[in-house]
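Chain order of the listed sequences is R and E. For the first sequence, my numbering assigns the number 2 to the initial residue and increments by one for each residue that follows. For the second sequence, my numbering assigns the number 2 to the initial residue and increments by one for each residue that follows. Quick reminder that beta carbons are idealized off the backbone N, C-alpha and C, glycines included. Take a look at the structure below.
Number of protein chains: 2
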Amino acid sequence: MKGMGPIPPAFRASEDGILRVGGRRVDELVEEAGGTPLFAYDRAAIRERVQLFRGSMPTGLALHYAVKANPFGPLLAHLRDLVDGFDLASGGELARIDASWPSMPISFAGPGKTDAELSAALARGITINLESEGEAERALTLAAEASTRPQLAVRVNPPFGLKGSGMKMGGLASAFGVDHDRVPTLVRRLLDGGANWRGLHIYAGSQSLSTEAVIESQRATVALAAEIAQAVGEGPPEVNLGGGFGIPYFAGDKPLDIAAIGEALKMTLRDRSPVLADTRFAIELGRWLVGEAGVYLTRIVDRKVSRGRTFLVTDGGLHQMLAASGNFGQLLRRNYPVALANRFGGEGEEEVTVTGCLCTPLDLLADEVMLPKAEPGDLIAVFCAGAYGLTASPQQFLSQSVAREVLV
Amino acid sequence: MKGMGPIPPAFRASEDGILRVGGRRVDELVEEAGGTPLFAYDRAAIRERVQLFRGSMPTGLALHYAVKANPFGPLLAHLRDLVDGFDLASGGELARIDASWPSMPISFAGPGKTDAELSAALARGITINLESEGEAERALTLAAEASTRPQLAVRVNPPFGLKGSGMKMGGLASAFGVDHDRVPTLVRRLLDGGANWRGLHIYAGSQSLSTEAVIESQRATVALAAEIAQAVGEGPPEVNLGGGFGIPYFAGDKPLDIAAIGEALKMTLRDRSPVLADTRFAIELGRWLVGEAGVYLTRIVDRKVSRGRTFLVTDGGLHQMLAASGNFGQLLRRNYPVALANRFGGEGEEEVTVTGCLCTPLDLLADEVMLPKAEPGDLIAVFCAGAYGLTASPQQFLSQSVAREVLV
């Protein structure tokens, strides 16, 4: 038997043993959606996350949503009313932001922005987080051609990384951002070039479950911003402190202590250098806001025994939930939390391996886990499917059917 | 500096240093297609593969194409005229096979076939490779309801695996096929149930570069088919010997010796048990037929230096070529073959890291490789992109632009 990650606290056993998302029975949600596979996102669970953040963090700290985590339209509309800004990673994401929405701070980061993407961002007046000196020159040129004053921030490649993070994004040579020691020169260049300098974007890593590491990284980030501001000779209007808040996916994972992070950040901001006195600080979160709010629902199509092991074969798979198969950045495959959704909270009765429907042994949803006895027709729930789920998966692989999505 | 895989022999340096696909300059192909990223598949390279197979293998051995490797429409139409059958892995793939095409053997394998998929296969009269006893019962029931005589084969989970293969698919408890010792009973059940028993499908693994292992696996597969046939009491009309022919992706990889495999298989079939005298044998290949014929073309958008390392940032990435990033079944990331397509065959002049445009450090196309000096606007070619390329990638990740495809 192998372990699995903890089921997010938003999902609790009900009397009838049917899993609820957004207060609704998942079997009914599946029926209304027209079948499985279905991603169901819990509106209230997202709102509670935002409230936890607001209740713990320093007053005035802005909360941005990283659209790349999940760009599902209704979910964006829900978050629009909850957060203070959106951070984008492509021109495609910009196109998903309805221009008729009330204006809110929007920034656009990412290496390899094309001229077309830069022009679209300039036309919408959003902040471009520059990833290199070359991109800065292209943005200035395109803005001059369009007779627009560009809104430009600099993404900084910091000299430190976020410890304990799933993906360390600082302290190394990197495609992301400008090495910290070259940033002041670039900011002067932007100011001299007539840009509206919007500030700094400093992202040290993602998916950390170490409260201490997040605190330390935020402290170092604020200090680095002050150092750069002093070298520039003026304070940045805004500093995006990055994100990096992880969620528990695997056995033994513990959630971050958000209260402790908030307390430490209050100290850090209280004690900050005077050069940052008028700076607006933001934290950019994707996974932490929506990851645990999503459930991937698939139906068992076959139950079979091979050489003594029981397999539950579902109509889903890695083409829709790649990360749960262990094929997206993980070195070793471990089990996401899973459950039998129509006997939710029931005792484990047998050891099973849950697979998808693809013709590849990579297509594992849960390996050797204990579940209540299941039969074809039953529903399997894979949790932690709200971020980097459907859009981070090879949906056309094997020309399989398309998954549905619903926000409840 | 890190190594990279060998550039497939179909692509040779030209006098002007511009890479050709299908005899056409790739810069012209990109322009005609409307831009990068572009997957270009070489028609002649695929035809040569088929000819190599035909020239080496026993007379009468059927060659099937595994559509999952690449379901691009024009490529399917090209292969339709070259191979003897198509093997499918989903109802979606079946829908891609134009019903108006001249009839050819088609089979459908894969765990987790839904009732709708089974019914579609029954209606088209194609062979269903049954993956379990439960699926057999469903197929018989659905056929009876539709008053159709089902064409049923049994996928066998063999007691041996293909050694040296990227994905071992036999010798283990598996979601694929029926354990070999239960197959005779199931075949009798099919015959008693009025099905047209089409034979056996035995797939021991994929992506093997060991000539000896492929030979040994084919020998064991034919012996196992004979053993099962003897237990059943009649010979299978067809035995699909699986595939498993690998292609060189990484530094040090050597191609299979197809002539040696062909010679050995001639012996194996010559010496086969009389119970298999009238059996048609087929080999099912996907990757080996089309993998090396495809090139993924992206344009350099940015060139930047970070902490002494040079990065070439392209407009492509893992959302279109996941396998080259090392995130699809590989334990350790290694470099696919890459080249500067507009200085193809030029000497390596500098060490660079080629990335995609995504906001994740996973998005690597080539790490620390030697290339001629490159600038924004130049084209990067990633080879071995013909199989498990675009459709095996998370195309909607970060809402990036869509890649184009062309068969030349």
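9 Å Cβ cutoff met for residue i and residue j
| i | j | result |
| --- | --- | --- |
| S326/R | S91/E | no |
| N343/E | L20/E | yes |
| P410/R | A294/R | What the structure shows of chain R is the stretch from 2 to 409, and residue 410/R is not part of that stretch, so it cannot be assessed. |
| L80/R | I47/R | yes |
| V355/E | L313/E | yes |
| T269/E | G236/E | no |
| A34/R | R405/R | yes |
| L201/R | V184/R | yes |
| V291/R | A41/R | no |
| L277/R | F398/R | no |
| T212/E | L257/E | yes |
| G74/R | R50/R | no |
| N336/R | K3/R | yes |
| E239/R | P106/R | yes |
| V233/R | R199/R | no |
| G93/R | S402/E | yes |
| G243/R | I203/R | yes |
| T37/R | R300/R | yes |
| G1/R | A205/R | Summary: the structure shown does not reach residue 1/R, with chain R confined to residues 2 through 409, and so no result is reported for it. |
| E132/E | G178/E | yes |
| H181/E | P151/E | no |
| I381/E | S57/E | no |
Coarse secondary structure for residue i, derived from DSSP in three states
| i | result |
| --- | --- |
| M58/R | coil |
| I19/E | coil |
| N343/R | helix |
| D116/E | helix |
| I8/R | coil |
| H202/R | strand |
| V403/R | coil |
| F248/R | Before going further, note that residue 248/R is Ile rather than Phe in the sequence given. Coil. |
| A386/E | coil |
| R139/R | helix |
| R334/R | coil |
| R13/E | coil |
| L372/R | strand |
| P185/E | helix |
| T37/R | coil |
Bridge-paired residues (DSSP) for residue i
| i | result |
| --- | --- |
| Q425/R | Beyond the ends of chain R as shown, which are 2 and 409, falls residue 425/R; an answer cannot be given. |
| Y66/R | F87/R, L286/R |
| I129/R | F109/R, L153/R |
| N158/E | D180/E |
| Y42/R | G295/R, L408/R |
| L365/E | T356/E |
| E348/E | For E348/E, which the question treats as bridged, DSSP gives no partner whatsoever. |
| I381/E | T299/E, L341/E |
| R281/R | E239/R |
Continuous beta strand (DSSP E) stretch holding residue i: start and end
| i | result |
| --- | --- |
| D28/E | Here D28/E belongs to no beta strand (DSSP E); instead the alpha helix (DSSP H) covers 27 to 34. |
| S108/R | 107 to 109 |
| T315/R | 310 to 315 |
| N241/R | 239 to 241 |
Continuous alpha helix (DSSP H) stretch holding residue i: start and end
| i | result |
| --- | --- |
| Q208/R | First-last for Q208/R: 206 to 209, but that is the beta strand (DSSP E), not the alpha helix (DSSP H). |
| K164/R | Segment: none, K164/R is in no alpha helix (DSSP H) and carries neither H nor E. |
| I301/E | Taken as a continuous stretch (DSSP letters only), I301/E belongs to no alpha helix (DSSP H), being part of the beta strand (DSSP E) at 295 to 307. |
| R97/E | 92 to 97 |
| I262/R | 259 to 271 |
| E228/E | 212 to 233 |
| L80/E | 74 to 81 |
- request: Could you list the residues in the segment 282 to 307 of chain E with a C-beta less than 7 Å from some C-beta on chain R, going in chain order?
  value: V302, D303, R304, K305, S307
- prompt: Relative to chain E, which residues along the segment 307 to 326 of chain R have a C-beta separation below 8 Å, given in chain order?
  reply: S307, R308, G309, R310, F312, V314, T315, D316, G318, L323
message: Closer than 8 Å between beta carbons: that is the criterion. Which residues of the segment 132 to 145 of chain E meet it against chain R?
response: E132, S133, E134, G135, E136
field: Contacting positions in the segment 177 to 202 of chain E - beta carbon closer than 7 Å to chain R
entry: D180
- request: Could you name the residues of the segment 337 to 364 of chain R whose beta carbon sits closer than 9 Å to any beta carbon of chain E, in the order they occur along the chain?
  value: T354, T356, G357, C358, L359, C360, T361, P362, L363, D364
task: With 8 Å as the limit, tell me which residues of the segment 380 to 409 of chain E have their beta carbon closer than that to any beta carbon of chain R; keep them in chain order.
output: L391, T392, A393, S394, P395, Q396, Q397, F398, L399, S400, Q401, S402
task: Could you please tell me which residues of the segment 105 to 129 of chain E, in chain order, have their CB closer than 8 Å to any CB of chain R?
output: A110, G111, P112, G113, K114, T115
- prompt: Got a sec: which bits of the segment 82 to 98 of chain R sit with their beta carbon under 9 Å from any beta carbon on chain E, in order along the chain?
  reply: L89, A90, S91, G92, G93, E94, L95, A96, R97
- request: Output, in sequence order along the chain, the residues in the segment 42 to 57 of chain E whose CB is closer than 8 Å to any CB in chain R.
  value: none
- request: May I ask you to list, following chain order, the residues of the segment 60 to 85 of chain R that have a beta carbon less than 9 Å from some beta carbon of chain E?
  value: A67, V68, K69, P72
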